[in-house]
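Below: the structure, in structure tokens.
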Ligand code: SF4
Ligand code: SF4
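Residue numbers (this note's numbering): 7 to 170.
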């Protein structure tokens, strides 16, 4: 996992009420899993616990000289589930809801354990918070690690009731 400076701003985020955590939880980068001996097994464990889900990104973001636009391609990446997604068969990206790790006093995960998108979000005093690592960056990061996703879901398919 990359080491990012803790940029939490608890006073500001308390005033905001955690709006970023009440819509769609942040996406994690592949590095969390690549740092482990069996990345697919680590991801499969999180999915099986129903605390995490796989979200689908449609298309490959265009990066001149690096990636060509490919609107027909699907990229999957992992993030914590929302309360309404937990234990469900599918992810509904149109339904905003609280992240399962959100508590009345903020995120229950230690800063280092949070998804990269959460750690990179920069609190703004006008609540126009932005991140240098968003969905585009997540899609590009996971583009060449879809084998981990596929191996994780393949390991889970025999599990009763699991749908990636
Ligand atoms: S990072 Fe921004 S949107 Fe998220 S809780 Fe803090 S102030 Fe609110
Ligand atoms: S993991 Fe924590 S910081 Fe990220 S969306 Fe969930 S509650 Fe918010």
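Even glycine gets a Cβ: it sits at the ideal position worked out from N, Cα and C.
Taking its Cβ as the centre, do 16 or more other Cβ atoms sit within 10 Å of residue 68, making it buried, or is it exposed? exposed
Straight-line CA distance for residue 72 to residue 110? 42 Å
Should residue 107 be listed as close to ligand 2, given that the test is whether its C-beta is under 7 Å from any heavy atom? yes
Nearer than 7 Å: is that true of the beta carbon of residue 115 relative to any heavy atom of ligand 2? yes
Taking 8 Å as the threshold (C-beta atoms), are residue 141 and residue 34 in contact? no
By Cβ distance, which residues of its chain are closer than 8 Å to residue 74, with the 5 residues on each side in sequence left out? 66 and 68
Using DSSP with H/G/I as helix, E/B as strand and the rest coil, what is residue 92? coil
CB contact flag (residue 112, residue 25, <8 Å): no
Just mark residue 81 as buried or exposed, buried being the case when its beta carbon has 16 or more other beta carbons within 10 Å. buried
Pick out whichever of 39, 32, 11 and 18 has its Cα sitting closest to the Cα of residue 105. 32
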